[in-house]
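Numbering (the numbering used here), first residue to last: 59 to 627. Glycine included, each C-beta is placed from N, C-alpha and C at the ideal position.
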């Protein structure tokens, strides 16, 4: 039995030996083939006689940038001239205020926000304008360091292109001081081969306990002349935005508001536009990438893992833990921010013009709106915020929050209208005049406009043009276009001076202007720049006429005078 088992095992091993021999022979044949191929390749390489010197680096032709800013010399004479220190200071003051208001208005009107890597993101494209606001609470970085890095980034063209998705050519035209620059910027938009350019004031402002780095376009005194000088291949865009930083705060057990040593609230908002719809849409997408890149450069990596056992003291200054819980980051110096807006509003009662972005004024909220605002932002009497907000108080017992509206809308809120009829006795045909009596509310001032039907009809045509049917918005503009076109009193070829026709026209005009006024004053329609700006301004010019310069908007009753200095530079 044992011998048979050994013999069987030997036969199995012999069979394995035969298989291995065959495989070894096959492998030897394959190896010889590879060696033959290798010899052939070596022979070919020797025949090619490849030079051993290093290849020269490739040279690419750089595009000619010498003419990128040739347009500046044509534009500068049409912009506000700074002759002395007073002009410079006035421009800085006005620019800072306009940026603050633009950012605050964007936050007020753009209520729907989204979460993007810890940022509270709100953007709205309205025709050729973009309104936006981003806010976030930075936990562990130093505010002074962030402000310094932000200024260095914004004041250097190379660093700026590291943030913006599309390449912006930026040049400093004039260095007023260490915190104020006049700059020019280009962006060649490949979609329509248009060079979107602007000359703007870049300033760094310290206010309260925080900082603002702001940009504001220098607007021409004659926009039509500027467009003519630039030509069709250029578009002079407007920018009004800023990055605001304020300290983080906490409330102690005794109710005292205490500033945190580390971290800050960051708010980036404003409005950009006056280009094209495509430019506005592209800019709205680019600004999200820009704010994330800014955070990566000036604060720390947007996404960074931090050990959960580390305390705040153990986290280094440059580290920035990821924050995905979005909160409504209201600035700790809310009242002080409001005081600057009030100064802006009181200093900018400008004539209404369709070429300028809306200037905003304040009015009282309704009781329900005030309650909702207090629920959202907290009581204005808490700690230092109440002390800073004193400029808004009418008395020590009455605290008022302000909602902001375009100046044209504010003018319309101050008047009541009445239409009557008169006939010119000196005219043989008895020419009819429809008299609009305008009463300014809260005062004894009133005035009248006696106009013909054709003058009212011309106003209707201007209004239809101002509505710009087809623009995208969430207001009731399509309904307004139909109303203005269909409900305006019809033109009659015969008997247009008869009592029946005249009375019907008077009643129709009364309803027409009452409806227009109600539509413009409806806050839900203020999200559309066409309503709050173009339509409101057209209506104001028609109703006020020559009385616009003398009209008063006494919307603030203040118990303290304006501050001597609004900011330091």
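Contacting residues, own chain, Cβ-Cβ under 7 Å from residue i (five flanking each side not counted)
{"i": "residue 99", "result": "none"}
{"i": "residue 603", "result": "507"}
{"i": "residue 578", "result": "467, 470, 589, 593, 594, 597"}
{"i": "residue 148", "result": "none"}
{"i": "residue 310", "result": "316"}
{"i": "residue 566", "result": "547"}
{"i": "residue 318", "result": "305, 306, 307, 308"}
{"i": "residue 474", "result": "497, 499"}
Local conformation of residue i per DSSP, three classes
{"i": "residue 264", "result": "strand"}
{"i": "residue 325", "result": "strand"}
{"i": "residue 599", "result": "helix"}
{"i": "residue 227", "result": "strand"}
{"i": "residue 516", "result": "helix"}
{"i": "residue 172", "result": "strand"}
{"i": "residue 305", "result": "strand"}
{"i": "residue 523", "result": "helix"}
{"i": "residue 245", "result": "strand"}
{"i": "residue 528", "result": "coil"}
{"i": "residue 97", "result": "helix"}
{"i": "residue 318", "result": "strand"}
{"i": "residue 285", "result": "helix"}
{"i": "residue 87", "result": "helix"}
{"i": "residue 78", "result": "helix"}
{"i": "residue 63", "result": "helix"}
{"i": "residue 137", "result": "coil"}
{"i": "residue 466", "result": "helix"}
{"i": "residue 373", "result": "With a pLDDT of only 39 at residue 373, under 50, the local geometry of the prediction cannot be trusted, and the value read off the model is given with reservation. Of the three classes helix, strand and coil, the one that applies to residue 373 here is coil, per DSSP."}
{"i": "residue 72", "result": "helix"}
{"i": "residue 606", "result": "coil"}
{"i": "residue 259", "result": "strand"}
{"i": "residue 239", "result": "strand"}
{"i": "residue 253", "result": "strand"}
Endpoints, the alpha helix (DSSP H) within which residue i is located
{"i": "residue 535", "result": "535-544"}
{"i": "residue 336", "result": "335-356"}
{"i": "residue 560", "result": "557-579"}
{"i": "residue 133", "result": "129-133"}
{"i": "residue 194", "result": "Residue 194 -> not in any alpha helix (DSSP H); beta strand (DSSP E) instead, spanning 187-196."}
{"i": "residue 295", "result": "Residue 295 -> no alpha helix (DSSP H), and no H or E assigned at all."}
{"i": "residue 222", "result": "Residue 222 -> no alpha helix (DSSP H), and no H or E assigned at all."}
{"i": "residue 203", "result": "201-212"}
Nearest-angstrom beta carbon gap, residue j and residue i [assumed within contact, 8 Å]
{"i": "residue 133", "j": "residue 231", "result": "Wrong, their Cβ atoms sit about 10 Å apart, outside the cutoff."}
{"i": "residue 504", "j": "residue 495", "result": "6 Å"}
{"i": "residue 43", "j": "residue 227", "result": "The question about residue 43 has no answer here: the residues shown for the chain are numbered 59 through 627."}
{"i": "residue 535", "j": "residue 585", "result": "11 Å between Cβ atoms; not a contact."}
{"i": "residue 320", "j": "residue 302", "result": "Between residue 302 and residue 320 the Cβ distance is about 18 Å, and since that is not below 8 Å, they are no contact."}
{"i": "residue 252", "j": "residue 243", "result": "About 14 Å separates the two Cβ atoms, so there is no contact after all."}
{"i": "residue 186", "j": "residue 331", "result": "5 Å"}
{"i": "residue 539", "j": "residue 522", "result": "7 Å"}
{"i": "residue 181", "j": "residue 338", "result": "With 8 Å as the limit, residue 181 and residue 338 do not qualify as a contact, their Cβ atoms being about 10 Å apart."}
{"i": "residue 177", "j": "residue 190", "result": "With 8 Å as the limit, residue 177 and residue 190 do not qualify as a contact, their Cβ atoms being about 11 Å apart."}
Limits of the beta strand (DSSP E) - the one that residue i falls within
{"i": "residue 481", "result": "473-481"}
{"i": "residue 494", "result": "490-498"}
{"i": "residue 504", "result": "504-509"}
{"i": "residue 184", "result": "177-184"}
Own chain, CB closer than 8 Å to residue i, minus 5 neighbours either side, in chain order
{"i": "residue 278", "result": "133, 136, 137, 284, 294"}
{"i": "residue 63", "result": "none"}
{"i": "residue 513", "result": "none"}
{"i": "residue 562", "result": "547"}
{"i": "residue 291", "result": "251, 252, 253"}
Cβ-based neighbour list, residue i, same chain, cut-off 6 Å, excluding 5 preceding and 5 following
{"i": "residue 605", "result": "505"}
{"i": "residue 370", "result": "In this prediction, residue 370 scores a pLDDT of 43, lower than 50, which makes its location untrustworthy; no coordinate-derived value is stated."}
{"i": "residue 456", "result": "Since pLDDT at residue 456 reaches only 36, below the 50 mark, its modelled position is unreliable, and no value is offered."}
{"i": "residue 568", "result": "477"}
{"i": "residue 233", "result": "239"}
{"i": "residue 246", "result": "253"}
CB contact check: residue i to chain B, cutoff 8 Å
{"i": "residue 574", "result": "In the structure shown, chain B cannot be found, because there is only a single protein chain."}
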